[in-house]
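One structure below.
Protein chains in written order, with the working numbering: chain S, 7 to 281; chain R, 347 to 373.
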């Protein structure tokens, strides 16, 4: 848009309730649109400028800092109930720029750009010299640990065969020598006990996602694996208003068409074996 | 009469509108 001489922005306190409202809408937008990793929560509002918008409304130009929580992105737990990832677990932060339109009392996200980055190794060492740092997700040990854990889980499962969706976090622990991994899975149309070729299994139309935590411990002459998975109820996903005014396809997955349950279930159910 | 010399009134704390408060911890 051409620059309009004399157009000035309104200065607002970063902790002003109106700014916070806009920032919370921005964080909700992140959690509703990101399809990998963990939910984020608001940590600090860095800057805010409020521009008049023609013919009506105002645009909040925001810079915000977020922190990673321990809730997987497809976990239906409200982010307010999610625990913030602590420094000793190697916290991850997000730096975001947003433009949020306020019109008729309603906030709508017009623009979003976020970068996330883990805390520095030095910072983690300061608070916990012995704590393991985040490991690359393609590390050989990480990939092996996930494969072993998922196989163990499927072997003990008397239901669907679960396929790997993503590895979301990993740490190499020196003592005892072990690999800690967190990964997401999804149910397929195969029965776990009858699978011969996992490549032929297809994800269910009505997706059921799960989130697993596993530790693979190296031992003399072998290894031990412990894995626990939390399965999430299939969640109906509502279309989100988009910047161009159109209704987007569902955020998480267009194949999810399950109507909302009459009696909403608990946020998550722990099912499946602990191996 | 002894008059108390006028003491300049200290200005109130300067409010920095931004950045806002840290809700958890700063990385």
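Note that beta-carbon positions come from the ideal geometry of N, C-alpha and C, so glycine has one too.
Keep in mind it's a predicted model, so treat the numbers as computed, not measured.
Exercise. What are the start and end residues of the alpha helix (DSSP H) that includes residue 92/S?
Worked result: That residue, residue 92/S, is in no alpha helix (DSSP H); it is neither H nor E in DSSP.
Problem set entry | Contacts that residue 54/S makes with chain A (C-beta to C-beta distance below 9 Å) | Considering every chain present, this structure includes no chain A. Its protein chains are S and R.
Exercise. What is the residue span of the beta strand (DSSP E) that residue 124/S lies within?
Worked result: That run of the beta strand (DSSP E) goes 112-124.
For this session: Under 6 Å Cβ to Cβ from residue 214/S, same chain only, skipping five residues before and after it: list those, please.
Result: Around residue 214/S: 193 and 240.
Problem set entry | Beta-carbon spacing of residue 63/S, residue 174/S below 7 Å | Cβ distance not < 7 Å, so residue 63/S and residue 174/S don't count as in contact.
For this session: Report yes or no: do three or more beta-carbon pairs, one from the segment 146-154 of chain S and one from the segment 118-129 of chain S, lie closer than 8 Å?
Result: Output reads no: the segment 118-129 of chain S does not touch the segment 146-154 of chain S.
Exercise. Since residue 17/S sits in a beta bridge, which residues does DSSP pair it with?
Worked result: Beta-bridge partners assigned by DSSP to residue 17/S: 55/S.
Exercise. Going by other Cβ atoms of all chains shown within 10 Å of its Cβ, with 16 needed for buried, is residue 208/S buried or exposed?
Worked result: Result: exposed.
Exercise. Given that a residue counts as buried once 16 or more other Cβ atoms are within 10 Å of its Cβ, and exposed if not, what is residue 216/S?
Worked result: Residue 216/S counts as buried, since at least 16 other C-beta atoms from the protein chains shown sit within 10 angstroms of its C-beta.
For this session: For residue 19/S, decide whether its Cβ has a neighbour in chain R, counting only Cβ atoms nearer than 7 Å.
Result: The Cβ of residue 19/S sits closer than 7 Å to at least one Cβ of chain R.
For this session: Within its chain, find whatever has a CB closer than 6 Å to the CB of residue 65/S; leave out the 5 residues flanking it on each side and keep chain order.
Result: Within the same chain, Cβ atoms closer than 6 Å to the Cβ of residue 65/S are found at 57, 59, 105 and 107, the five residues on either side in sequence being excluded.
For this session: Can you tell me which of 188/S, 87/S, 180/S and 91/S puts its alpha carbon nearest to the alpha carbon of residue 223/S?
Result: When 188/S, 87/S, 180/S and 91/S are compared, the shortest CA-CA separation from residue 223/S is found for 180/S.
For this session: Can you tell me the Cβ-Cβ gap for residue 47/S and residue 25/S, rounded? I've got them flagged as a contact below 8 Å.
Result: Going by Cβ atoms, the distance from residue 47/S to residue 25/S rounds to 16 Å, so no, they are not a contact pair.
Exercise. Should residue 73/S be flagged as near chain R, meaning a C-beta pair shorter than 7 Å?
Worked result: Put simply, the CB of residue 73/S is near chain R, with a gap under 7 Å to one of its CB atoms.
Problem set entry | Assumed close pair residue 52/S, residue 69/S - CB separation to whole angstroms, cut-off 8 Å | With a Cβ gap of about 4 Å, residue 52/S and residue 69/S count as contacting.
Problem set entry | Reduced DSSP category for residue 223/S - H, G, I as helix; E, B as strand; rest coil | The three-state reading of DSSP puts residue 223/S in strand, counting E and B together.
Exercise. Sorted by chain position, which residues of the same chain lie with C-beta nearer than 8 Å to residue 93/S's C-beta, five sequence neighbours on each side aside?
Worked result: Cβ neighbours of residue 93/S beyond the five flanking positions: 125, 129, 130, 133 and 134.
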